[in-house]
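Residue numbers (UniProt numbering): 1 to 270.
Positions of the beta carbon are idealized from the N, C-alpha and C atoms, including for glycine.
No experiment lies behind these values; they were computed from the predicted model shown.
See structure below.
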Amino acid sequence: MFRHPVASKTEVQISQRGTEDSRQIPNLDQGARSPAMGPQPEPLAPSELGTKEYWDALYARELSNHASDPADTGTSWFEDSDAERKTTRFLGALAGAPPKATASVLDLGCGNGSMLLALRREGWTGRALGVDYSAKSVALARQVASSSAAAAAASAAVEFAEWDILGGAYAGVLAGEQAGGWDVVLDKGTFDAVSLAGRRLCGLYPGRVAPLVREGGILLVTSCNWTEDELADWFAGAGCFAVAGRVGYRSFSFGGVKGQTISTLCFRKL
Ligand SMILES: C[S@@+](CC[C@H](N)C(=O)[O-])C[C@H]1O[C@@H](n2cnc3c(N)ncnc32)[C@H](O)[C@@H]1O
Numbered sequence: 001m002f003r004h005p006v007a008s009k010t011e012v013q014i015s016q017r018g019t020e021d022s023r024q025i026p027n028l029d030q031g032a033r034s035p036a037m038g039p040q041p042e043p044l045a046p047s048e049l050g051t052k053e054y055w056d057a058l059y060a061r062e063l064s065n066h067a068s069d070p071a072d073t074g075t076s077w078f079e080d081s082d083a084e085r086k087t088t089r090f091l092g093a094l095a096g097a098p099p100k101a102t103a104s105v106l107d108l109g110c111g112n113g114s115m116l117l118a119l120r121r122e123g124w125t126g127r128a129l130g131v132d133y134s135a136k137s138v139a140l141a142r143q144v145a146s147s148s149a150a151a152a153a154a155s156a157a158v159e160f161a162e163w164d165i166l167g168g169a170y171a172g173v174l175a176g177e178q179a180g181g182w183d184v185v186l187d188k189g190t191f192d193a194v195s196l197a198g199r200r201l202c203g204l205y206p207g208r209v210a211p212l213v214r215e216g217g218i219l220l221v222t223s224c225n226w227t228e229d230e231l232a233d234w235f236a237g238a239g240c241f242a243v244a245g246r247v248g249y250r251s252f253s254f255g256g257v258k259g260q261t262i263s264t265l266c267f268r269k270l
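As structure tokens, then:
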């Protein structure tokens with residue numbers, strides 16, 4: 001659905017602050033790179049998938065589809081690669097991962113909310129919150145979660161809220177027992193979407209996400225726009241995270257080069 005990284009990159013410098021987005025972006029310096037750190041990967045050219053209008057329109061359609069056919073729960077990204085199942089299984093097997101029964105989980109850019117429902121089915125019973133800046137996504141996630149008796153039972157404690165990762169006040173998601181951050185923070189396709197919103201916002205994202213993860217907590221990022229090395233540069237390069245593992249996907253060879261269509265990298269907050 002997104003474009004291949006190599007094909008969509010442009011020769012732009014991320015250090016130049018652009019004017020693509022007029023939102024108020026607080027707290028820009030948390031997790032910022034020091035000059036000693038290596039260069040960030042080249043940003044992607046902006047596209048409509050980086051706009052809120054795109055996501056609002058998509059989820060409005062999916063809301064209405066789901067209302068007329070409850071079996072149609074909308075798009076779960078990277079289904080072809082079985083990303084949801086592979087990611088939840090990876091988390092369950094991760095050495096030193098927080099316990100399933102109590103771990104708090106925050107899903108960034110939750111879309112239809114299926115990732116958190118999948119974790120519930122895998123026995124993750126701690127607090128679970130999905131956030132998205134599209135109110136339509138939040139409405140869809142709530143509608144999907146409550147649309148069947150089984151799903152409603154599985155998702156009893158799953159919360160969904162409207163929150164902008166780049167511009168939202170941290171108080172909206174860092175409160176109570178999660179004041180110091182969440183045990184597990186998930187991102188499936190959201191950094192990809194933000195990467196298509198303009199170079200400035202893409203560069204700010206890792207620093208905005210860092211305070212959401214508690215010290216020693218886990219961040220899992222799944223992307224089709226960035227390779228594992230590039231994800232490591234974006235997130236571990238900012239100095240707040242260390243790479244703690246990867247999810248394996250089927251690989252392919254093209255022109256003598258081996259690759260895979262998506263990447264999921266696991267980070268631990270330092
Ligand atoms: C590719 S979709 C992934 C949805 C979901 N994670 C999944 O795997 O099905 C990207 C999501 O990120 C959300 N998003 C993009 N920018 C955001 C931002 N600044 N704050 C919160 N959500 C954002 C979009 O509304 C959309 O739901």
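Between glycine 217 and valine 184 a beta carbon distance of about 6 Å is seen, short of the 8 Å cut, so the two are scored as contacting. C-alpha of arginine 214 to C-alpha of arginine 200: approximately 25 Å in a straight line.
Ligand 1 never approaches asparagine 65 closely enough for any of its heavy atoms to be under 7 Å from the residue's Cβ. The three-state secondary structure of cysteine 266, taken from DSSP, is strand. Where valine 131 is concerned, the enclosing beta strand (DSSP E) starts and stops at 128–132. Here the alpha carbon of phenylalanine 254 sits roughly 12 Å from the alpha carbon of threonine 261. Considered as a whole, the stretch 175–224 harbours 182–188 and 213–223 as its complete beta strand (DSSP E) runs of no fewer than 3 residues, in chain order. Rounded to whole angstroms, the gap between the alpha carbons of glutamate 79 and alanine 118 is 13 Å. The beta carbons of valine 138 and alanine 171 sit no closer together than 8 Å. Secondary-structure assignment with DSSP links valine 158 through a beta bridge to Ala128. The bridge partners DSSP lists for glycine 245 are Cys266.
Straight-line measurement puts the Cα of threonine 87 at about 17 Å from the Cα of alanine 101. Per the C-alpha coordinates, the member of Pro41, Asp107 and Asp56 positioned closest to glycine 189 is Asp107.
The beta carbon of serine 104 sits no closer than 7 Å to any heavy atom of ligand 1. Assignment of aspartate 107 by DSSP, reduced to helix, strand and coil, places it in the strand class.
Between alanine 197 and proline 98, the C-beta spacing is not below 8 Å. Counting the other Cβ atoms within 10 Å of the Cβ of glycine 74 gives 16 or more, which makes it buried. Under the criterion of beta carbons closer than 8 Å, alanine 244 and cysteine 224 do not qualify as touching, at roughly 21 Å. Between serine 114 and glutamate 84, the CB-CB gap stays under 8 Å. Under DSSP, no beta-bridge partner is assigned to valine 173.
Of the candidates Gly130, Ser76, Ala210 and Leu220, Ser76 places its Cα closest to the Cα of glutamate 62.
Exclusion of the five residues before and after tryptophan 234 leaves Pro206 as the residues of its chain whose Cβ lies within less than 6 Å of its Cβ. Distances taken from the Cβ of isoleucine 165 to the heavy atoms of ligand 1 include one shorter than 7 Å. Residue environment analysis places proline 43 among the buried positions, since at least 16 neighbouring C-beta atoms fall within 10 angstroms of its C-beta. The secondary-structure analysis by DSSP pairs glycine 74 with nothing; it has no beta-bridge partner. The beta carbons of glutamine 178 and serine 104 sit about 6 Å from each other, so the pair counts as a contact at 8 Å.
Set against 7 Å, the gap from the CB of tyrosine 249 to the closest heavy atom of ligand 1 is not smaller.
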